[in-house]
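Comments concern the structure below.
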Ligand SMILES: [Zn+2]
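Numbering (our numbering), first residue to last: 1356 to 1578.
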């Protein structure tokens, strides 16, 4: 047998043997960033997600929800959201709509994640906004005020703050953000995500008159 055939035969035989010798090698592993194997943006416990200071009566109704979303890298990611237990169904439905429509979301990471702990304190909202992170429960006061925010109750969610800033007069948060409805990940009246929230009875900060909070949705759940 000429050498080239025997080399070919060995290669062929080797392939077969390799395939037989490794159980399950015929299975194709789902690529990272698919529905079966999403990129993990957050994987903490409820206790960790609630470790920032706050009264027990505010924390006791919060739940940690795993969410899947299409991100700006074109891949499927998995994150976590802390929200009042009575709003879990609404949030599941909105994320289903977002995924179905490939509405890109940068990340969904609870506010008490280490990544938002800076200079010895939970400088969380600023850091989260700058990172374009989507989050819900956060025991804090309203922006520019003293009363408790709906986020303190787990009744509100902020989505893609960089594309959807808070704008009041000259104050823009996060600083330097621009609301440009042509950009992917921007929430507008016609966006399926906004429509889903409105259909479920949520209020959108993009509809407010005195200020615009395009990233913000809130709903006081029925008792
Ligand atoms: Zn908000």
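Idealized CB from N, CA, C, for every residue including glycine.
Local conformation of residue i per DSSP, three classes
i	result
residue 1562	helix
residue 1424	strand
residue 1396	coil
residue 1497	coil
residue 1512	strand
residue 1413	helix
residue 1408	coil
residue 1503	strand
residue 1483	helix
Rounded C-alpha distance that separates residue i from residue j
i	j	result
residue 1546	residue 1425	15 Å
residue 1371	residue 1540	Low per-residue confidence applies at residue 1371: pLDDT is 38, beneath 50, and the placement is therefore not dependable, though the value from the model is reported in the following sentence. The straight-line gap from Cα to Cα measures roughly 48 Å.
residue 1413	residue 1446	19 Å
residue 1376	residue 1482	Reliability fails at residue 1376, whose pLDDT of 37 lies under 50, so the model's placement of it is uncertain and no value is given.
residue 1569	residue 1520	6 Å
residue 1573	residue 1383	42 Å
residue 1435	residue 1461	13 Å
residue 1534	residue 1516	10 Å
residue 1409	residue 1467	11 Å
residue 1391	residue 1419	21 Å
residue 1489	residue 1513	5 Å
residue 1404	residue 1417	10 Å
CB contact below 9 Å: residue i versus chain D
i	result
residue 1490	The displayed structure is made up of one protein chain only, and chain D is not part of it.
Distance cut-off 8 Å: residue i Cβ against heavy atoms of ligand 2
i	result
residue 1512	Questions concerning ligand 2 fall outside what the structure shown contains, since the ligands it does hold are ligand 1.
Same chain only: Cβ atoms within 8 Å of residue i, ignoring 5 sequence neighbours per side
i	result
residue 1576	1439, 1441, 1442 and 1510
residue 1400	1419
Own chain residues within Cβ distance below 7 Å of residue i, not counting five before or after
i	result
residue 1387	1394
residue 1396	1432, 1433, 1434, 1462, 1463 and 1464
residue 1385	1391 and 1392
residue 1551	1448, 1449 and 1452
residue 1559	1549, 1552, 1553 and 1572
Where the alpha helix (DSSP H) containing residue i begins and where it ends
i	result
residue 1446	1443–1455
residue 1549	1547–1554
Residue i, enclosing beta strand (DSSP E) - first and last residue
i	result
residue 1436	1431–1439
residue 1523	1521–1523
6 Å Cβ shell around residue i - same chain, five flanking residues per side excluded
i	result
residue 1536	1543
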